[in-house]
Amino acid sequence: MQSASEQSEAADRPAPPASPEHAYPDHWEADVVLRDGGTARIRPITADDADRLVSFYEQVSDESKYYRFFAPYPRLSAKDVHRFTHHDFVDRVGLAATVGGEFIATVRYDRIDERGMPASGPADEAEVAFLVQDAHQGRGVASALLEHIAAVARERDIRRFAAEVLPANNKMIKVFTDAGYTQKRSFEDGSVRLHLDLEPTDRSLAVQRAREQRAEARSVQRLLTPRSVAVVGAGRAPGGVGRTVLRNLLGAGFTGRVHAVNAALTDGPAELDGIPAHPSVGAIGEPVDLAIVAVPAERVPEVVADCGEHGVRGLVVLSAGYAESGPAGRERQRQLVRQARSYGMRIIGPNAFGIINTSEDVRLNASLAPHMPAAGRIGLFAQSGAIGIALLAGLHRHGVGLSSFISAGNRADVSGNDFLQHWYDDPDTDVVLLYLESIGNPRKFTRLARRTAAVKPVVVVKGARHSGSAPPGHRVPVTRIPHATVSALLRQAGVIRVDTVTELVDAGLLLAAQPLPAGPRVAILGNSESLGLLTYDACLTEGLRPLRPLDLTTAAGPADFRDALAAALADETSDAVVVTAIPWVGENGATESGDGEVLAASLREAVASVPAPAKPVVVVHVEMGGLAEALAVATSTRPVATSTRSAPAGARTASTPARPATDGAAGAGAGAGAGADAGAGADAGTDRGAATPAHPASVLRTADPAVPGTTAPGTTAPEATDPAAVPSPDRQATIPAYPAAERAVRALAEAVRYAQWRRQAAEPGRVPEYEDIDEGGAAALIERVLGAGGDPDARGVTLGTTDVGELLSRYGITVLPTLPAPTPDEAVAAARRLGYPVALKTTAPHLRHRPDLGGVRLDLATEEQLRTAYAEVTEVLGKPEELQPVVQAMVPRGVDTLVRSAIDPAVGAVLSFGLSGAASELLGDTAHRLVPATDRDAAELVRSIRTAPLLFGWRGSAPVDTPALEELLLRVSRLVDDHPEVVAVSLEPVVVAPGGLSVLGATVRLAPPPPRTDLGPRRLPSY
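Counting in the working numbering, the sequence shown runs from 280 upward without gaps.
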């Protein structure tokens, strides 16, 4: 694709103006995930690529060549090759997408003037042309190249692209029209003329992120749904990591082909555990999708090369000895990632525990876990193999199944972000559980978590919170913000943050089995008054609104529990029910056996008796033998609307009969439905034809508008293309049981808070527009300050008082004037200028914002009072030159607050609010939101600190002007968002009175803005 004049480009066009050669721009190199889940490397084309270009062109079809040059063009001349490989990286740029070191696609631009002739700057338009090898068309290569060449062009001050395309070249026309840029199209001389404005738009960013999601989700799906697996490093003797994985793979009943690879098998055909064994992947002689690598680290490179050269799509590297082992290991890990990506492969690991997919159509256990988990609706990601084992055991013990499990080890390539992309619209996953020890790309994680949390719960427990460093082997950006701030930002994104692995399991158990509560009102019933009171207290501690506990007395039997629960479920004054139970005691003082099973049956009967129970039920029990186990296997038989979503390749569809339930060794009670039928947890050898359910069924999942996958009676399910509206297939529905009231209530409280966030997220706030903001004037001031010192210091420039006032005034923020008072006479003169009453303050750094030390004197109404205060302050605290006293006019009394914003390299701009003084500095009572903040964010900031009652009339005081405070927060947010050079703002104190507010102190720091990796073209983390 290019203009017709390029048919004989080198001969017919005048040479472009000479431009100096620039250094090779290695920051343009990037690894990208393509539409089909494979990877490619994008890099600048250099003079050393002549042979690669010729080889690439020879593999392009005549039709594609015709579309490129508008005429038959069977081969490139020497002059063509020279032109297409020699660039100045300013006016002429070429990029290539490579796999295995060979070109699969190219793109180039040439700067042109208004006549379409070669030009140099300041011309800001360029002609662009693509060529994609036929075998790689349809993989999204051209779309990825367009993103990167557009970013390069913007860097070189090119603002528009022009392209000519033959009308029959629909694929290339679609690449341009679907990119989301502002464009114009015309038809001239038999070709389509396109002009693209390269300034990013909301639509182009949305298109880019949608493509990123599809590509990264597909790359994970390829790892989870292989048709064939090779275990490389399977030993001939039983035992060892490779042989263990091979045994687990076979024991799970993997539905595809399995091969063993052992380099020592050089004597011809062999078998291991009854499957073919080969000396190399290449010797297998048939396609392999996934390779499990379990060889010593020094042998991994040859294995990767063997896999890459024979078309393996992905690797799970169990081998240790990488970044977790020190500097040499870190370099080995970098080389591993680079080598795998050069072949278009993605890696889980190294130092990984493995992956599991319980789908009946796959049954993949490519891990060191000895038992295949039951199929269920939870996706589990763990960065630690040991924690992964603990989580698998805990979920299995509670009868909860999984859709997929990943333990990523050092997560050198595939990370939690990739699996969030996959689980976002995975129809087999309803709840996401993550154990993280580091977050490699916090901005992206927050963005993906927010989007996923809008359709299904995301629960996170974070390890290594207080160590101050990432775990060995994990590459993470440096962050200056404390863990508490990171947690607050994650909660803003809808993430359910818990502190322990136990809480992770507790929350997952409830969210996977019960509907979301409609509010915080909790009904409590049970046969122990004391246990009911403990539950009541726990509810108050967690911010819930418990009703008075209903004491059924110790004489209550299962029927009493049934009737009380049925009544509570039907009662509209509660949003959730907690059932508390202690054992029944017989006449001889001994507890009666079988009570747990009987009570479980009664509770299930109560739930089933309610036509549409839309509130969660949890059970708190003390030494109630068999109760938790009996509740854990309760399965639903109520039909639920099935999804109309197209099933992914290999997934069970609604019309496919599910396998009958079996009581498998890995846990019974797996949910039936698409990809998650009841027998998925059975060990190999179990009678798969058994059709008798192990326990009576009950209905625990019913319609709840707040829960994805359910539809209220009398309504129609939304379009299935919206992930939030896709009905979930029928699934395991258990009543979660907890051995302590605190654990049950904490899990319930997390569900309440998450449900509230979901309701609010459905109607997001807005970023207000203020007509009095002078964005251009602020930009000019910033440019003047940063340009005054030549090359600005990366650490930034702190503005003087005059510049601070001018910059903030451009955004409608007025700072109360402050006049220096180095002597008593100058203090009196300043007071006369400002008008009495005034305040006298010390501004020395060690006394700033410390009124408790006596450095602030207020309401000085006369000259005599001012001189007296000046003498007292200097006598007690030090000389005036040390104290740096100032005079400021008095403002109406109110509450002292602080407003801050800072840019962190890891998470971006953060807006913070708290009360000034000890509340924020000593107690850490500060709330945080990401910039840009919406009106809802500002309102939540003001109300979410623990000391917020002081703003709303605590103990009879007058409520302050919170709308004015919220507006100030929004104006600061706009300033930082509009001008990334504003890296820090601090307004303290901000005195908020019943009518209006006053900003008494302000500091602003400017610096060159840090790079925004989240706004550039798609790319994988670099190594």
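Ideal Cβ placement from N, Cα and C applies to all residues, glycine included.
Apart from the five residues on each side of it in sequence, which residues of its chain come closer than 6 Å, Cβ to Cβ, to leucine 569?
Position 290 of the sequence shown, counted from the first residue, corresponds to residue 569. Only Pro505, Val508, Gly593 meet the Cβ criterion.
Identify, in the order they occur along the chain, each residue of the same chain with its Cβ nearer than 7 Å to the Cβ of alanine 786, setting aside the five sequence neighbours on each side.
Position 507 of the sequence shown, counting from 1, holds the residue named residue 786. So the list reads Val738, Ile775, Val777, Ala1026, Glu1029, once near-sequence residues are dropped.
Considering only DSSP beta bridges, list what tyrosine 714 is partnered with.
Translated into the one-based positions of the sequence shown, residue 714 becomes position 435. Ala661, Val740.
Can you give the Cα-Cα distance for glutamine 700 and arginine 490, rounded to whole angstroms?
As a first step, residue 700 must be located in the sequence shown, where it is residue number 421. As a first step, residue 490 must be located in the sequence shown, where it is residue number 211. Approximately 11 Å between the Cα atoms of the pair.
Let me make sure I understand the geometry here. Which of Pro1047, Glu1048, Tyr1033 has the alpha-carbon closest to that of tyrosine 1041?
Start at 1 with the first residue of the sequence shown, and residue 1041 comes out as number 762. Strictly speaking, residue 1041 in this sequence is alanine, with tyrosine absent from that position. Residue Tyr1033 holds the alpha-carbon nearest to the alpha-carbon of alanine 1041 among Pro1047, Glu1048, Tyr1033.
Given a threshold of 16 other Cβ atoms within 10 Å of its Cβ, counted over all protein chains shown, does histidine 538 qualify as buried or as exposed?
Here residue 538 refers to the residue found at position 259 when the sequence shown is read from its first residue. The residue is buried, with at least 16 neighbouring Cβ atoms inside 10 Å.
What three-state label does DSSP hand alanine 734 in the structure shown?
One-based indexing of the sequence shown puts residue 734 at position 455. Per the sequence shown, the amino acid found at residue 734 is valine instead of alanine. If DSSP states are grouped into helix, strand and coil, valine 734 belongs with coil.
Does the distance from the CB of glycine 1193 to the CB of leucine 1209 come in under 8 Å?
Residue numbering aside, residue 1193 sits at position 914 when the sequence shown is read from its first letter. Residue numbering aside, residue 1209 sits at position 930 when the sequence shown is read from its first letter. Contact flag unset, no.
Indicate whether leucine 829 and valine 886 have their beta-carbon atoms separated by less than 8 Å.
Here residue 829 is taken as the residue at index 550 of the sequence shown, counted from 1. Here residue 886 is taken as the residue at index 607 of the sequence shown, counted from 1. At a Cβ-Cβ threshold of 8 Å, leucine 829 and valine 886 do not count as neighbours.
In its own chain, which residues sit with a C-beta less than 8 Å from the C-beta of proline 351, not counting the 5 before and 5 after it?
Your numbering for residue 351 matches position 72 in the sequence shown. If we look at proline 351 and ignore the five residues flanking it on each side, its Cβ neighbours are Asp341, Lys344, Tyr345.
Where does histidine 427 land, buried or exposed, given buried means 16+ other C-beta within 10 angstroms?
Here residue 427 is taken as the residue at index 148 of the sequence shown, counted from 1. Per the 10 Å Cβ criterion, buried.
Please go through the same chain and pick out, in chain order, the residues whose beta-carbon is closer than 8 Å to the beta-carbon of isoleucine 324, but skip the five residues on each side of it.
For the purposes of this step, residue 324 is taken as residue 45 along the sequence shown, with counting starting at 1. So the qualifying residues of the chain are Leu332, Phe363, Thr364, His366, Gly373, Leu374, Ala375, Thr385, Arg387.
Kindly indicate which three-state DSSP category tyrosine 1017 falls into: helix, strand or coil?
Translated into the one-based positions of the sequence shown, residue 1017 becomes position 738. Of the three classes helix, strand and coil, the one that applies to tyrosine 1017 here is strand, per DSSP.
Exposed or buried, which one is glutamine 1039 when buried takes at least 16 other CB atoms within 10 Å?
Residue numbering aside, residue 1039 sits at position 760 when the sequence shown is read from its first letter. By the 10 Å Cβ count, glutamine 1039 comes out exposed.
Quick one: measure Cβ to Cβ for leucine 790 and proline 736, integer angstroms, because I've assumed they're closer than 8 Å.
Here residue 790 refers to the residue found at position 511 of the sequence shown. Here residue 736 refers to the residue found at position 457 of the sequence shown. Indeed they touch by this definition, with Cβ atoms about 5 Å apart.
Straight-line Cα distance separating alanine 1148 from isoleucine 1310:
Any question about residue 1310 goes unanswered here, given that the chain covers just 280 to 1302.
Backbone secondary structure at valine 1170 - three-state DSSP:
Counted from its first residue, the sequence shown places residue 1170 at position 891. In the structure shown, valine 1170 sits in coil (DSSP, three-state: anything other than H, G, I, E or B).
First through last residue of the beta strand (DSSP E) which encompasses glutamate 404
Locating residue 404 in the sequence shown gives position 125, counting from the first residue. From DSSP, the beta strand (DSSP E) with glutamate 404 extends over 404–411.
With a 10 Å radius around its C-beta and 16 neighbouring C-beta atoms as the bar for buried, classify histidine 1207 as buried or exposed.
Your numbering for residue 1207 matches position 928 in the sequence shown. Buried: at least 16 other Cβ atoms inside 10 Å.
Between the CA atoms of aspartate 1256 and threonine 1188 - distance to the nearest angstrom:
Residue numbering aside, residue 1188 sits at position 909 when the sequence shown is read from its first letter. Residue numbering aside, residue 1256 sits at position 977 when the sequence shown is read from its first letter. The sequence as given places alanine at residue 1188; threonine does not occur at that position. Pairing alanine 1188 with aspartate 1256, the inter-Cα distance amounts to about 8 Å.
Would you mind listing the alpha helix (DSSP H) stretches within the stretch 786–839 that are 4+ residues and don't spill past its ends, in chain order?
Qualifying alpha helix (DSSP H) stretches, in chain order: 808–820.
Pop quiz: alanine 421 and methionine 451 are said to be a contact at Cβ under 8 Å. What is the actual Cβ separation, rounded to whole angstroms?
Locating residue 421 in the sequence shown gives position 142, where the first residue counts as 1. Locating residue 451 in the sequence shown gives position 172, where the first residue counts as 1. The pair is a contact, with the Cβ atoms about 7 Å apart (cut-off 8 Å).
Bounding residues of the beta strand (DSSP E) (the contiguous stretch that carries valine 896)
Here residue 896 corresponds to residue number 617 of the sequence shown, with the count starting at 1. Per DSSP, valine 896 belongs to the beta strand (DSSP E) from 896–900.
Look at the alpha carbon of proline 1047 and the alpha carbon of threonine 1213, and state the distance between them as a whole number of angstroms.
Along the sequence shown, read from residue 1 onward, the residue named residue 1047 stands at position 768. Along the sequence shown, read from residue 1 onward, the residue named residue 1213 stands at position 934. Just so you know, the alpha carbons of proline 1047 and threonine 1213 end up roughly 7 Å apart.
Proximity below 8 Å, CB of asparagine 644 to CB of leucine 823
The count along the sequence shown starts at 1 and reaches residue 644 at position 365. The count along the sequence shown starts at 1 and reaches residue 823 at position 544. With respect to the 8 Å criterion, asparagine 644 and leucine 823 are not classified as neighbours on the basis of their beta carbons.
Provide the residue(s) that pair with glycine 379 in DSSP beta bridges, ordered along the chain.
In the sequence shown, residue 379 corresponds to position 100, counting from 1. Residue pairing from DSSP leaves glycine 379 without any beta-bridge partner.
Between which residues of its own chain and leucine 1299 is the CB-CB distance below 6 Å, once the five residues before and five after are set aside?
For the purposes of this step, residue 1299 is taken as residue 1020 along the sequence shown, with counting starting at 1. Same-chain partners within the cutoff: Asp310.
What number of angstroms, rounded off, separates the C-alpha of glutamine 338 from the C-alpha of valine 1264?
On the sequence shown, position 59 is the one that residue 338 refers to. On the sequence shown, position 985 is the one that residue 1264 refers to. Their backbone Cα atoms lie some 57 Å apart in a straight line.
Starting from alanine 509, follow its DSSP beta bridges and name the residues at the other end.
What you label residue 509 is simply residue 230 of the sequence shown in a count that begins at 1. Paired residues: His538, Ala570.
Please go through the same chain and pick out, in chain order, the residues whose beta-carbon is closer than 6 Å to the beta-carbon of valine 1307, but skip the five residues on each side of it.
Residue coverage of the chain in this structure runs from 280 to 1302, which leaves residue 1307 outside it and unanswerable.
C-alpha distance - serine 356 paired with aspartate 330, whole-angstrom precision
If you number the sequence shown from 1, residue 356 lands on position 77. If you number the sequence shown from 1, residue 330 lands on position 51. Looking at the two C-alpha atoms, the distance is approximately 12 Å.
Own chain, CB closer than 6 Å to threonine 545, minus 5 neighbours either side, in chain order:
Reading the sequence shown from its first residue, position 266 is the one you call residue 545. Only Pro558 meet the Cβ criterion.
Return the first residue and the last residue of the beta strand (DSSP E) that glutamate 1267 is part of.
Residue 1267 sits at position 988 when you count from the first residue of the sequence shown. In this chain, the beta strand (DSSP E) harbouring glutamate 1267 covers 1261–1271.
Taking C-alpha atoms, which residue in His1125, Ile666, Pro1171, Thr637 lies nearest to alanine 653?
Against the sequence shown, residue 653 aligns to sequence position 374. That would be Thr637, whose Cα lies nearest to the Cα of alanine 653.
Answer with buried or exposed for lysine 723, where buried requires no fewer than 16 other C-beta atoms within 10 angstroms of its C-beta.
As a working note, residue 723 is residue 444 in the sequence shown. Lysine 723 is buried by the Cβ-count criterion.
Burial state of proline 1228 (16 or more Cβ within 10 Å)
By one-based count along the sequence shown, residue 1228 stands at place 949. Proline 1228 comes out exposed.
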